[in-house]
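Peer 1: Quick one: the structure is below, questions incoming.
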Amino acid sequence: MPPIQSPISKDSSILIVGAGVFGLSTALHLAQDGYTNITVLDRENVPSPYSAGNDLNKIVRAEYEDPFYTELALDAIKKWQTPFWAPYIRLTGYVLATSASSPSKARDSLHKSFLSINTHPAFPPASFSPVTTAQDIRHAAPMLEGPMEGWTGYINKYAGYARAAKALEHAAAVCSDLGVKLVTGDDGYAIEVLYTAAGKECIGVKTKSGTTHTASKTVICLGAHIGTLLPGIAQQVTAKSWAVAHIQLTASEAEAMRGCPVVNCRDLGFFFEPDDDTHKIKLCANGAGYTNYVSNAGSGKKLSVPSTSIVGIPREDENLIKRLIAETIPRFVGRELIDRFICWCSDAANSDYVIDFVPGCGGLVVVTGDSGHAFKMLPIAGKWVQQVLEAGMQSTRRWKWKVSVKGSEDISWRVGHVQDIKDVQMSKVTKL
Ligand SMILES: Cc1cc2nc3c(=O)[nH]c(=O)nc-3n(C[C@H](O)[C@H](O)[C@H](O)COP(=O)(O)OP(=O)(O)OC[C@H]3O[C@@H](n4cnc5c(N)ncnc54)[C@H](O)[C@@H]3O)c2cc1C
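Residue numbering for the sequence shown follows UniProt numbering, beginning at 1 and increasing consecutively.
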């Protein structure tokens with residue numbers, strides 16, 4: 001049995017460490033429900049460059065290999081369409097496909113994901129259409145004029161993307177309006193978790209400036225960075241990264257791409273319609289992800305942590321992004337790849353989130369294991385954390401703290417092999 005947690009009331013002090021997707025959603029849910037003593041810490045202003053959610057856009061879709069998440073994503077999609085979130089969602093549709101050279105693993109995963117939605121009553125009529133030839137894609141999205149030879153999959157009209165960084169800014173602004181105290185910079189940069197002398201109770205965190213923030217409940221939501229504060233979490237989640245790049249369009253080119261569905265080729269990568277303000281198209285490479293293992297000074301064990309010194313993106317990923325452009329929007333082949341970076345998340349072997357009290361330690365909750373699929377849950381994730389805080393325990397088995405789990409190297413829905421970022425050739429060349 002987990003230790004019984006002390007109950008909370010609306011004026012209990014709650015410290016949320018990390019103002020990314022999970023942290024802001026938690027603060028928002030608590031504040032909207034009348035909690036009056038909430039502090040959120042982050043090492044940077046929202047949206048933080050260290051948040052995986054700080055991006056032009058993120059896919060919002062409900063197909064999953066695991067239908068448990070389909071239900072949650074459908075709930076989130078409903079919430080995205082409410083007035084609070086509606087300015088930040090675009091249901092442009094979603095092309096999910098595999099290329100002619102795709103490994104069978106990608107095709108199997110696509111098929112399993114489709115099974116989670118194809119007869120689901122929540123989808124409006126005529127939400128899906130099959131892709132058996134490139135013409136099926138061009139018919140639905142004429143701006144995709146590329147060859148897409150041998151692409152197969154389907155189009156899902158009840159999906160699209162969130163304007164990610166803007167949605168985070170909105171959540172933070174509303175939190176502030178509701179009285180949430182947001183502390184950023186060195187005063188918000190947590191470097192140590194503080195415990196009572198007996199070590200049985202968490203009392204808050206110490207930050208880089210030397211300030212201590214104490215609270216009756218501390219909720220740690222550091223995304224890929226969680227291992228830097230709680231190295232013991234490494235057996236459950238692994239920091240992994242993927243390449244992101246952009247191409248700059250002119251206003252008229254962007255106009256011609258307007259309404260383009262999100263295109264996700266499981267063995268190449270994905271991209272979005274151009275951003276309204278910047279006219280940039282964001283592209284990401286698909287793959288198994290890159291770790292960055294270092295020796296943990298405390299335990300001597302190896303721990304993957306986001307790297308701050310990496311410049312550019314892996315050559316392999318740059319090639320995938322180039323192929324994706326050539327297959328779909330070849331008129332932009334040769335366009336410079338700009339704003340390139342690798343984006344880190346906290347990956348769990350089974351892609352399940354971990355939202356639970358840390359066993360044997362009162363007052364400390366972790367929210368992690370986003371596994372690269374939590375942005376879409378921004379409008380609802382905080383509710384799950386609130387439930388755990390109020391119940392004093394996690395009752396959803398799959399989201400419990402896990403004592404031992406299989407490694408997170410071979411994820412069923414990802415293609416390729418995990419590599420350490422230090423072992424791969426990086427591309428610092430900016431021209432295609
Ligand atoms: C390449 C890529 C593409 C993705 N695409 C999608 C998508 O299309 N759709 C989707 O739904 N999801 C997507 N995701 C996943 C999504 O971005 C994450 O699931 C989500 O951002 C995780 O939220 P989080 O709160 O756990 O972490 P984050 O959003 O990363 O936030 C962590 C926060 O902790 C802060 N922090 C770190 N260290 C400290 C410290 N020591 N002290 C204080 N603050 C600290 C950071 O500044 C940051 O604000 C993608 C992820 C990646 C990597």
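Heads up, the beta-carbon is just placed ideally off N, CA and C, and yes, glycines get one too. All of these numbers come straight from a predicted model, not from anything done at the bench.
Cα-Cα, which of Ser395, Pro67, Ile338 and Trp80 is closest to residue 437?
Peer 2: Nothing can be reported for residue 437: it is not among the residues displayed for the chain, which extend from 1 to 432.
Peer 1: Is the separation between the beta-carbon of Ile14 and that of Val95 shorter than 8 Å?
Peer 2: Counting from 1 along the sequence shown, the entry for residue 14 is found at position 14. Counting from 1 along the sequence shown, the entry for residue 95 is found at position 95. No, they are not a contact pair.
Peer 1: So, at 6 Å on beta carbons, what are the nonlocal neighbours of residue 434 in its own chain, with the 5 sequence-adjacent residues on each side left out?
Peer 2: An answer regarding residue 434 cannot be provided, because it is not within the stretch 1 to 432 covered by the chain.
Peer 1: Using only CA atoms, which one of Ser309, Thr396, Val385 and Glu390 lies nearest to Lys422?
Peer 2: On the sequence shown, position 422 is the one that residue 422 refers to. Looking at the Cα atoms, Ser309 is the closest of the given residues.
Peer 1: What is the DSSP secondary structure of Arg397, counted as helix, strand or coil?
Peer 2: Taking the first residue of the sequence shown as 1, we reach residue 397 at position 397. Of the three classes helix, strand and coil, the one that applies to Arg397 here is helix, per DSSP.
Peer 1: Which residue wins for smallest C-alpha separation from Glu316, given the options Ala243, Gly334 and Thr396?
Peer 2: One-based indexing of the sequence shown puts residue 316 at position 316. Nearest C-alpha to Glu316: Ala243.
Peer 1: Quick check on the DSSP output: the alpha helix (DSSP H) that includes Pro67 runs from which residue to which?
Peer 2: In the sequence shown, residue 67 corresponds to position 67, counting from 1. Taken as a continuous stretch (DSSP letters only), the alpha helix (DSSP H) holding Pro67 covers Pro67 to Trp80.
Peer 1: Using CA coordinates, which residue listed in Arg331, His213 and Gln236 is at the minimum distance from Ala409?
Peer 2: The residue you call residue 409 lines up with position 409 of the sequence shown. The residue asked about is misnamed: residue 409 is Glu in this sequence, not Ala. When only C-alpha atoms are compared, the closest one is Gln236.
Peer 1: How is Ala285 classed by DSSP in three states: helix, strand or coil?
Peer 2: In the sequence shown, counting from the first residue as 1, residue 285 sits at position 285. Strand at Ala285.
Peer 1: Taking the Cβ atom as the reference point for each residue, do Ile355 and Val388 lie within a distance shorter than 8 Å?
Peer 2: Position 355 of the sequence shown, counted from the first residue, corresponds to residue 355. Position 388 of the sequence shown, counted from the first residue, corresponds to residue 388. Yes. Within cutoff.
Peer 1: Mind checking which residues open and close the beta strand (DSSP E) that includes Ser241?
Peer 2: As a working mapping, residue 241 is identified with position 241 in the sequence shown. First-last of the beta strand (DSSP E) with Ser241: Val237 to Gln248.
Peer 1: Using a threshold of 7 Å, is the CB atom of Arg43 nearer than that to any non-hydrogen atom of ligand 1?
Peer 2: Mapped onto the sequence shown, residue 43 falls at position 43. Yes, the Cβ of Arg43 comes within 7 Å of a heavy atom of ligand 1.
Peer 1: Where do the ends of the alpha helix (DSSP H) carrying His139 lie?
Peer 2: Numbered from its first residue, the sequence shown carries residue 139 at position 139. It spans Ala134 to Ala140 - the alpha helix (DSSP H) in which His139 sits, taken as one unbroken run.
Peer 1: With DSSP collapsed to three states, give me the class of Trp344.
Peer 2: Residue 344 sits at position 344 when you count from the first residue of the sequence shown. Three-state DSSP puts Trp344 in a strand.
Peer 1: Using a threshold of 8 Å, state whether the C-beta atoms of Glu71 and Ser113 are closer than that.
Peer 2: The residue given as residue 71 occupies position 71 in the sequence shown. The residue given as residue 113 occupies position 113 in the sequence shown. Taking 8 Å as the Cβ cut-off, Glu71 and Ser113 do not qualify as a contacting pair.
Peer 1: Just verifying my parser: in three-state terms, what is the DSSP assignment at Asn54?
Peer 2: The count along the sequence shown starts at 1 and reaches residue 54 at position 54. The answer is coil: DSSP assigns Asn54 none of H, G, I, E or B.
Peer 1: If contact is defined by three or more beta carbon pairs under 8 Å, each pair taking one atom from either stretch, is the segment 216–232 in contact with the segment 357–369?
Peer 2: Yes, they touch.
Peer 1: Specify whether the segment 321–329 and the segment 216–227 touch according to this definition: at least 3 beta carbon pairs, one from each stretch, less than 8 Å apart.
Peer 2: At 8 Å Cβ cutoff, the stretches do not touch.
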